[in-house]
Amino acid sequence: MAAQGRRVVLAEVTISRAGNPVGGLGDLGAPLGPRAQTGKMLPSGRLLSSLVPGLLLAAQVAAAFEPISVGLAIGAASILTGYLSKGLYCRFSECCHEKRPLNSSALKLDLEEKLFGQHLATEVILKALTGFKNNKNPKKPLTLSLHGWAGTGKNFVSQIVAENLHPKGLKSHFVHLFVPTLHFPHEQQIKLYQDQLQEWIRGNVSACASSVFIFDEMDKLHPGVIDAIKPFLDYYEQVDGVSYRKAIFIFLSNAGGDLITKEALDFWRAGKKREDIQLKDLEPVLSVGVFNNKHSGLWRSGLIDRNLIDYFIPFLPLEYRHVKMCVRAEMRARGTDVDEDVVTRVAEEMTFFPKDEKIYSDKGCKTVQARLDFH
Ligand SMILES: Nc1ncnc2c1ncn2[C@@H]1O[C@H](COP(=O)(O)OP(=O)(O)O)[C@@H](O)[C@H]1O
Ligand SMILES: [Mg+2]
Numbered sequence: 044m045a046a047q048g049r050r051v052v053l054a055e056v057t058i059s060r061a062g063n064p065v066g067g068l069g070d071l072g073a074p075l076g077p078r079a080q081t082g083k084m085l086p087s088g089r090l091l092s093s094l095v096p097g098l099l100l101a102a103q104v105a106a107a108f109e110p111i112s113v114g115l116a117i118g119a120a121s122i123l124t125g126y127l128s129k130g131l132y133c134r135f136s137e138c139c140h141e142k143r144p145l146n147s148s149a150l151k152l153d154l155e156e157k158l159f160g161q162h163l164a165t166e167v168i169l170k171a172l173t174g175f176k177n178n179k180n181p182k183k184p185l186t187l188s189l190h191g192w193a194g195t196g197k198n199f200v201s202q203i204v205a206e207n208l209h210p211k212g213l214k215s216h217f218v219h220l221f222v223p224t225l226h227f228p229h230e231q232q233i234k235l236y237q238d239q240l241q242e243w244i245r246g247n248v249s250a251c252a253s254s255v256f257i258f259d260e261m262d263k264l265h266p267g268v269i270d271a272i273k274p275f276l277d278y279y280e281q282v283d284g285v286s287y288r289k290a291i292f293i294f295l296s297n298a299g300g301d302l303i304t305k306e307a308l309d310f311w312r313a314g315k316k317r318e319d320i321q322l323k324d325l326e327p328v329l330s331v332g333v334f335n336n337k338h339s340g341l342w343r344s345g346l347i348d349r350n351l352i353d354y355f356i357p358f359l360p361l362e363y364r365h366v367k368m369c370v371r372a373e374m375r376a377r378g379t380d381v382d383e384d385v386v387t388r389v390a391e392e393m394t395f396f397p398k399d400e401k402i403y404s405d406k407g408c409k410t411v412q413a414r415l416d417f418h
């Protein structure tokens with residue numbers, strides 16, 4: 044069971060341990076606030092505490108006759124209560140389950156059914172997560188860097204991944220979402236953010252080794268902030284007594300979107316199929332491009348330099364047919380019948396580029412939900 048212990052609030056430094064809040068200036072609340080952990084007593088501990096005296100009393104009675112049985116009875120009592128309390132506790136509250144295996148077929152199905160037009164992301168994410176979770180002794184945490192135009196499904200996929208790792212998904216205590224414009228807004232406070240980030244990650248990985256950290260909008264993160272977590276991503280067995288090897292870090296970024304679009308467009312213009320684009324066509328371009336891009340959040344980053352990012356995952360720009368798929372999915376999610384006229388109308392309201400060919404949606408599927416409200 045996860046040791047519930049630390050509470051860290053980013054932004055104006057409010058860091059406390061063992062549920063003992065240190066007065067802070069500004070608790071930004073969501074999305075970090077709700078995930079902060081407090082050191083509450085386990086409710087099941089109270090429920091079962093009434094059982095313990097009974098078992099111990101029985102042990103004392105037995106002690107009058109035979110000392111060895113006392114030890115056995117006490118041992119059995121503590122194992123039983125420990126086991127029961129954990130089982131009960133996990134029924135009512137979220138537990139970390141560090142060793143829970145990944146259901147690869149469920150993840151595969153989710154990706155294939157819900158994520159449109161992203162054959163590379165589907166393939167790589169499935170492979171990366173399955174390999175990582177099947178490995179009992181990973182040598183470093185898993186780090187994925189997702190790149191692509193806005194609205195192509197990076198946040199959407201992170202949500203799917205999170206749900207497959209911790210059933211409560213983004214609402215889980217063990218899944219943490221960082222948004223730079225919200226959590227690290229001021230350029231003058233990089234040092235402070237670095238300290239807070241280290242503290243937050245250390246505290247949460249101590250509580251749950253299989254914690255998931257998602258960094259959204261990496262392109263808006265001030266250069267250097269992310270390098271604070273470099274020691275955690277490296278091949279160390281432990282850093283200050285904490286092992287980070289079972290954790291997962293996911294970086295999301297629009298940076299590299301232009302490179303990906305160019306490649307997709309070259310394929311399209313050459314009359315080749317989108318699905319024939321391979322990872323090797325894009326991954327090297329992407330890592331170099333992101334490293335040299337001042338506004339990528341990974342500019343000259345030690346994370347790339349030291350090869351600490353396991354996979355650069357390209358999200359391709361979405362076409363008209365994918366936008367239509369998004370509209371249909373949204374209609375189904377709302378419990379309405381799919382009306383093809385509406386699907387076409389919503390898709391046609393979107394803008395497409397390049398100017399002449401008009402192949403890719405400017406905003407991917409991003410505004411589909413809002414537009415559907417008007418139909
Ligand atoms: N490839 C996709 N397949 C299915 N739905 C998508 C896809 N891309 C975007 N969407 C839909 O559009 C919404 C916005 O996309 P999002 O994942 O936030 O984009 P971004 O790449 O900017 O993070 C998602 O919540 C999802 O409903
Ligand atoms: Mg996004």
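Residue numbers for the sequence shown, in my numbering: 44 to 418. Think of the CB as a built atom: it goes at the ideal place given N, C-alpha and C, for glycine as much as any other residue.
Distance between residue j and residue i (C-alpha atoms, nearest Å)
i: E156; j: P144; result: 22 Å
i: F355; j: S128; result: 42 Å
i: L71; j: H219; result: Here the model assigns L71 a pLDDT of 31, short of 50, so the residue's position is not dependable, and the following value carries that caveat. Computed Cα separation, rounded: 14 Å.
i: D399; j: T379; result: 35 Å
i: Y236; j: A250; result: 21 Å
i: N178; j: I168; result: 15 Å
i: Q281; j: A252; result: 12 Å
i: V321; j: M368; result: Strictly speaking, residue 321 in this sequence is Gln, with Val absent from that position. Between Q321 and M368, the C-alpha separation is close to 23 Å.
i: D153; j: T394; result: 28 Å
i: E318; j: Y132; result: 47 Å
i: V268; j: V255; result: 18 Å
i: I347; j: E137; result: 34 Å
i: R349; j: G174; result: 21 Å
i: P210; j: A149; result: 12 Å
i: D382; j: K401; result: 24 Å
i: R134; j: K176; result: 24 Å
i: D13; j: G345; result: It is not possible to answer for residue 13, since the shown part of the chain is limited to 44 through 418.
i: E242; j: A413; result: 38 Å
i: F258; j: I272; result: 12 Å
i: L276; j: F334; result: 17 Å
i: V386; j: A307; result: 25 Å
i: E373; j: P360; result: 19 Å
i: D416; j: L351; result: 43 Å
i: E141; j: I293; result: 18 Å
i: Y403; j: T304; result: 9 Å
Any non-hydrogen atom of ligand 2 within 7 Å of residue i CB
i: K197; result: yes
i: D348; result: no
i: D259; result: yes
i: R322; result: Looking at the sequence itself, residue 322 is Leu, so the reference to Arg does not match. Answer for L322: no, Cβ out of range of ligand 2.
i: L295; result: yes
Burial state of residue i (16 or more Cβ within 10 Å)
i: S215; result: buried
i: G130; result: exposed
i: D309; result: exposed
i: K409; result: buried
i: N247; result: buried
i: S260; result: Sequence check: residue 260 is Glu here, not Ser. Classification for E260: buried.
i: P397; result: exposed
i: E392; result: exposed
i: D353; result: buried
i: K323; result: exposed
i: R42; result: The first residue shown for the chain is 44 and the last is 418, placing residue 42 beyond what the model contains.
i: R375; result: exposed
i: R377; result: exposed
i: R364; result: exposed
i: H418; result: exposed
Distance cut-off 7 Å: residue i Cβ against heavy atoms of ligand 1
i: F395; result: no
i: L276; result: no
i: L264; result: no
i: V370; result: no
i: C408; result: yes
i: K367; result: no
i: A193; result: yes
i: F159; result: yes
i: F135; result: no
i: V411; result: yes
i: L220; result: no
i: F358; result: yes
i: L361; result: yes
Contact with chain D by residue i, beta-carbon distance below 8 Å
i: K151; result: In the structure shown, chain D does not exist; there is a single protein chain.
Is it a yes or a no for the region 268-281 touching the region 175-189, going by three-plus beta-carbon pairs under 8 Å? yes
Scan the region 319-402 and note each continuous beta strand (DSSP E) run of 3 residues or more that stays entirely inside, going in chain order. 354-358
Sequence ranges, beta strand (DSSP E) only - wholly within the region 160-234, length at least 3: 185-191 and 218-221
Check whether the region 295-311 touches the region 322-333, taking contact to mean three or more Cβ pairs, one atom from each stretch, closer than 8 Å. yes
State whether the region 201-217 contacts the region 226-240, with contact taken as three or more CB pairs (one from each stretch) at a distance under 8 Å. no
Would you call the region 253-273 and the region 336-343 touching, i.e. three or more CB-CB distances under 8 Å? yes
If contact is defined by three or more beta carbon pairs under 8 Å, each pair taking one atom from either stretch, is the region 221-235 in contact with the region 188-197? no
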